[in-house]
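> Dumping the structure here so I can ask a few things about it.
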RNA sequence: GGGACUGUGGGGUAGCUUGGUCCAUCCUUCGGGGUUCGGGACUCCGAGACGCCAGUUCAAAUCUGGCCAGUCCCA
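In the working numbering, the protein residues as written are 59 to 573.
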């Protein structure tokens with residue numbers, strides 16, 4: 059569960075409103091108009107000094123969601139944003155299925171009786187579930203919970219599915235909407251009440267196999283993150299911050315500048331914590347009855363938020379080619395004296411790219427070229443191809459990628475050259491993100507040094523909860539936990555715990571301010 | 001859970017202190033016309049708002065109360 063709260067800071071200078079004006083009462087001020095289609099924004103707030111304002115403005119400028127739906131925390135996916143989401147999901151599906159997981163889908167409503175079976179779990183979610191208590195005009199005998207996550211929907215059925223060791227492992231996932239009644243300020247993608255949720259649930263024969271599944275999930279996520287060009291750190295959460303009901307939780311966190319971090323997803327090892335209350339057991343080869351060990355792996359549209367937050371810049375959003383709604387936008391440069399040739403060539407370019415499987419968009423609208431350039435840059439399109447009179451005559455197109463690299467593409471080698479440019483762009487994007495990632499961490503040698511941190515801090519920690527909370531108040535954030543992999547910078551061996559000064563079993567831990 | 005603040009066209013805003021000159025300002029957006037088109041064009045015409053309910057008053061965007069919605073701070 060993410061904790062902490064970022065305070066949207068003010069734009070400097072101008073007495074402009076720093077947060078979007080709240081809407082009026084639900085249902086009256088809202089207009090069911092079609093989404094703004096050509097929305098642009100002349101200037102974005104500064105990413106470093108007004109991060110949250112910047113983020114909200116980029117999401118709006120890129121037209122990824124329409125947040126004007128009259129229920130807090132429920133956002134409308136626009137056509138453009140939905141494309142990004144589908145591409146993102148395709149990456150998740152590809153990588154999880156490569157590890158032998160299969161898609162299933164369970165119902166959205168969970169009987170209160172099932173929901174209540176695991177004590178820690180219900181304690182963790184009690185305060186943030188939506189209840190369905192009526193069917194038509196009459197009260198339901200057993201109230202239903204709108205799933206905040208699907209353990210309690212799936213596990214009674216897993217108990218029916220699993221009889222023998224031959225039924226194991228059971229590796230299934232679903233991508234469904236889940237609901238959590240967030241009480242804090244909601245933000246597009248990063249804190250919502252209707253969550254577009256990827257959740258894998260597995261049952262393994264024993265703890266070792268479950269641990270292996272966690273490792274496999276970490277490997278799958280590395281490939282997913284590669285497709286998004288997204289650096290991150292896998293961090294084992296401290297006990298007081300693990301998923302309700304879990305044995306342990308490994309979270310995937312990305313730094314967002316300053317001490318800010320965003321949890322992209324998490325992988326949980328449940329041991330027998332759920333299989334016992336839900337009686338998920340199997341007959342082993344030796345005839346004994348055993349409880350399964352379970353794991354889960356959860357991701358959401360937060361990934362999209364992270365992608366916007368990490369890659370976005372002063373010009374707007376930036377998408378890697380794997381998830382870009384449009385990978386290429388083709389812009390004809392028209393004019394009264396140039397005839398139809400540039401338009402014809404541009405049409406041909408877009409059609410050819412589409413035939414070869416690219417997501418290519420032709421922008422032949424009436425706006426001037428400069429306006430189109432700005433718009434598609436804000437929208438994060440990786441590659442722009444311009445075709446004017448000069449290009450039409452030379453059978454070429456001018457290419458400009460979202461990071462500003464310019465070039466020329468010969469039309470007879472169009473598809474190959476576009477592939478090269480996109481690959482080059484993806485590499486450059488990853489390099490830029492990696493550089494920012496590496497610069498996001500620094501070591502803090504004492505509690506006092508944590509105050510006013512402008513980086514995610516690496517601290518020596520003895521593992522005790524008391525010291526953990528001291529560190530948390532020191533940074534006014536959270537102790538994220540201990541890294542599963544190598545730290546991004548090498549701080550040497552950890553010294554004494556910065557909380558108690560103890561040297562016993564002290565490890566490096568990370569502390570930051572989760573969004 | 002406690003406290004503070006804020007609601008004006010699709011988005012952002014001016015006006016509110018001191019009620020009237022406001023059938024509400026500006027930017028943007030949207031629809032239409034014309035001239036344009038190699039980095040946010042110009043121009044003409046048109047569309048679009050005072051969160052809801054009540055009260056005070058000759059008169060309410062402006063004052064009062066309630067409600068709703070939202071934001072922030074603290075637990």
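For every residue, glycine included, the Cβ atom is placed at its ideal position computed from N, Cα and C. Please read these numbers as outputs of a predicted model, since none were measured by experiment.
1) Throw me the rounded Cβ distance for the residue 251 and residue 131 pair, which I believe falls under 8 Å.
2) Hey, out of 356, 156, 177 and 202, whose CA is closest to residue 169's CA?
3) Terminal residues of the continuous alpha helix (DSSP H) containing residue 265?
4) Return the CA-CA distance between residue 313 and residue 378, expressed in angstroms with no decimal places.
5) Pull the bridge partners of residue 464 from the DSSP assignment, please.
6) Whose CA, out of 489, 538, 480 and 119, lies closest to the CA of residue 464?
7) In the structure shown, what three-state DSSP assignment does residue 70 receive?
8) Could you round the C-beta distance between residue 434 and residue 442 to whole angstroms and report it? I think they count as a contact, below 8 Å.
9) Count the other CB atoms within 10 Å of the CB of residue 260; is the residue buried (16 or more) or exposed (fewer)?
10) Which same chain residues end up closer than 6 Å to residue 139 when comparing Cβ atoms and leaving out the 5 residues on each side of it in sequence?
11) What do you get for residue 195, buried or exposed, if any count of 16 or more other CB atoms within 10 angstroms of its CB means buried?
12) Whole beta strand (DSSP E) runs in the segment 536–565 with 3 or more residues, listed along the chain?
13) Whole-angstrom Cβ separation of residue 221 and residue 186, contact assumed at under 8 Å?
14) Once the 5 residues before and after residue 492 are set aside, which same chain residues still bring their CB inside 6 Å of it?
15) Have a look at 554, 514 and 543 and flag the residue whose alpha-carbon is nearest the alpha-carbon of residue 520.
16) Whose CA, out of 421, 270, 567 and 287, lies closest to the CA of residue 352?
17) Rounded C-beta distance between residue 536 and residue 570? I'm assuming under 8 Å.
18) Evaluate residue 383 with the Cβ neighbour count: other Cβ atoms within 10 Å of its Cβ, from every protein chain shown; 16 or more gives buried, anything less gives exposed.
19) Any idea what DSSP makes of residue 373, helix, strand or coil?
20) Give me, in chain order, the residues of the same chain whose beta-carbon lies closer than 8 Å to that of residue 468; leave out the 5 immediate sequence neighbours on both sides.
21) Roughly how many angstroms separate the alpha carbons of residue 560 and residue 551, rounded to a whole number?
22) Helix, strand or coil: which one does DSSP assign to residue 387?
23) Express the C-alpha separation of residue 573 and residue 324 in angstroms, rounding to a whole number.
24) Grouping DSSP H, G and I as helix and E and B as strand, with all else coil, what is residue 61?
25) Determine the direct distance from the alpha carbon of residue 407 to that of residue 444, and round the result to whole angstroms.
26) Which runs of the alpha helix (DSSP H) spanning at least 4 residues fall entirely within the segment 170–219, listed in chain order?
27) Between the alpha carbons of residue 128 and residue 115, how many angstroms are there, rounded?
28) Identify the residues that DSSP records as bridge partners of residue 420: which are they?
29) Can you determine whether any heavy atom of the ligand NAD sits closer than 7 Å to the C-beta of residue 102, and answer yes or no?
30) Out of 359, 184 and 102, point me to the one whose CA is closest to residue 141's CA.
31) Could you give the first and the last residue of the continuous alpha helix (DSSP H) run that contains residue 525?
32) In the structure shown, what three-state DSSP assignment does residue 574 receive?
33) Run through the DSSP bridge pairs and tell me what residue 519 is partnered with.
34) How many angstroms separate the CA atom of residue 255 from the CA atom of residue 401?
35) Would you call the segment 318–338 and the segment 296–307 touching, i.e. three or more CB-CB distances under 8 Å?
36) Between the Cα of residue 228 and those of 234, 216 and 235, spot the shortest distance and give me the residue it belongs to.
In short, the structure shows the following:
1) For the purposes of this step, residue 251 is taken as the residue at position 193 of the first chain. For the purposes of this step, residue 131 is taken as the residue at position 73 of the first chain. Right, their Cβ atoms sit about 3 Å apart.
2) For this step, residue 169 is matched to residue 111 along the first chain. Of the candidates 356, 156, 177 and 202, the one whose C-alpha sits nearest the C-alpha of residue 169 is 202.
3) The count along the first chain starts at 1 and reaches residue 265 at position 207. Segment 265–286, the alpha helix (DSSP H) holding residue 265.
4) Locating residue 313 in the first chain gives position 255, where the first residue counts as 1. Locating residue 378 in the first chain gives position 320, where the first residue counts as 1. Between residue 313 and residue 378, the C-alpha separation is close to 18 Å.
5) Residue numbering aside, residue 464 sits at position 406 when the first chain is read from its first letter. Per DSSP, 458.
6) Taking the first residue of the first chain as 1, we reach residue 464 at position 406. Cα-wise, what sits closest to residue 464 is 480.
7) Stepping through the first chain from its first residue, residue 70 is reached at position 12. Since pLDDT at residue 70 reaches only 26, below the 50 mark, its modelled position is unreliable, and the value read off the structure follows with that caveat. Coil at residue 70, not helix or strand.
8) Residue mapping note: residue 434 aligns to position 376 of the first chain, counting from 1. Residue mapping note: residue 442 aligns to position 384 of the first chain, counting from 1. At roughly 6 Å, the Cβ-Cβ gap stays under 8 Å, so residue 434 and residue 442 are in contact.
9) Here residue 260 corresponds to residue number 202 of the first chain, with the count starting at 1. With 16 or more other Cβ atoms within 10 Å, it is buried.
10) In the first chain, residue 139 corresponds to position 81, counting from 1. Once the five neighbours on either side are set aside, the close Cβ partners of residue 139 are 122 and 123.
11) Taking the first residue of the first chain as 1, we reach residue 195 at position 137. Answer is exposed; the Cβ neighbour count stays below 16.
12) 536–541
13) Within the first chain, the letter at position 163 stands for residue 221. Within the first chain, the letter at position 128 stands for residue 186. Incorrect: roughly 35 Å between the Cβ atoms, too far for contact.
14) Numbered from its first residue, the first chain carries residue 492 at position 434. 289.
15) Position 462 of the first chain, counting from 1, holds the residue named residue 520. The shortest C-alpha separation from residue 520 is found at 554.
16) Within the first chain, residue 352 is the residue found at index 294, counting from 1. Among 421, 270, 567 and 287, the Cα nearest to that of residue 352 is on 270.
17) As a first step, residue 536 must be located in the first chain, where it is residue number 478. As a first step, residue 570 must be located in the first chain, where it is residue number 512. Contact flag correct, Cβ pair sits at about 7 Å.
18) Here residue 383 corresponds to residue number 325 of the first chain, with the count starting at 1. That one is buried.
19) Walking along the first chain from the start, residue 373 turns up at place 315. Residue 373 falls in the coil class under three-state DSSP.
20) Here residue 468 is taken as the residue at index 410 of the first chain, counted from 1. These residues qualify, in order along the chain: 453, 454 and 475.
21) Residue numbering aside, residue 560 sits at position 502 when the first chain is read from its first letter. Residue numbering aside, residue 551 sits at position 493 when the first chain is read from its first letter. Cα-Cα distance, rounded: 14 Å.
22) If you number the first chain from 1, residue 387 lands on position 329. Reduced to three states, the DSSP call for residue 387 is strand.
23) Translated into positions along the first chain, residue 324 becomes position 266. Translated into positions along the first chain, residue 573 becomes position 515. Cα to Cα, the separation comes out at about 15 Å.
24) The residue given as residue 61 occupies position 3 in the first chain. At residue 61, the pLDDT of 32 sits below 50, so the modelled position is not reliable and the matter cannot be decided from this model.
25) Taking the first residue of the first chain as 1, we reach residue 444 at position 386. Taking the first residue of the first chain as 1, we reach residue 407 at position 349. When rounded, the distance between both Cα atoms is 10 Å.
26) 170–173, 177–183 and 209–219
27) The sequence position of residue 128 within the first chain is 70, counting from 1. The sequence position of residue 115 within the first chain is 57, counting from 1. Each residue's alpha carbon lies about 19 Å from the other.
28) Working through the first chain from its first residue, we reach residue 420 at position 362. Looking at the DSSP output, residue 420 sits in a beta bridge with 388.
29) Absent from the structure shown: the ligand NAD. Ligands present: none.
30) Position 83 of the first chain, counted from the first residue, corresponds to residue 141. Of the candidates 359, 184 and 102, the one whose C-alpha sits nearest the C-alpha of residue 141 is 359.
31) Locating residue 525 in the first chain gives position 467, where the first residue counts as 1. Where residue 525 is concerned, the enclosing alpha helix (DSSP H) stretches over 523–533.
32) This structure cannot settle anything about residue 574, because the visible part of the chain is limited to 59 through 573.
33) Along the first chain, read from residue 1 onward, the residue named residue 519 stands at position 461. In the DSSP output, where bridge partners are listed per residue, residue 519 has 565.
34) Taking the first chain and counting its residues from 1, the one referred to as residue 255 is at position 197. Taking the first chain and counting its residues from 1, the one referred to as residue 401 is at position 343. Between residue 255 and residue 401, the C-alpha separation is close to 42 Å.
35) yes
36) For the purposes of this step, residue 228 is taken as the residue at position 170 of the first chain. Ranking 234, 216 and 235 by Cα distance to residue 228 puts 216 first.
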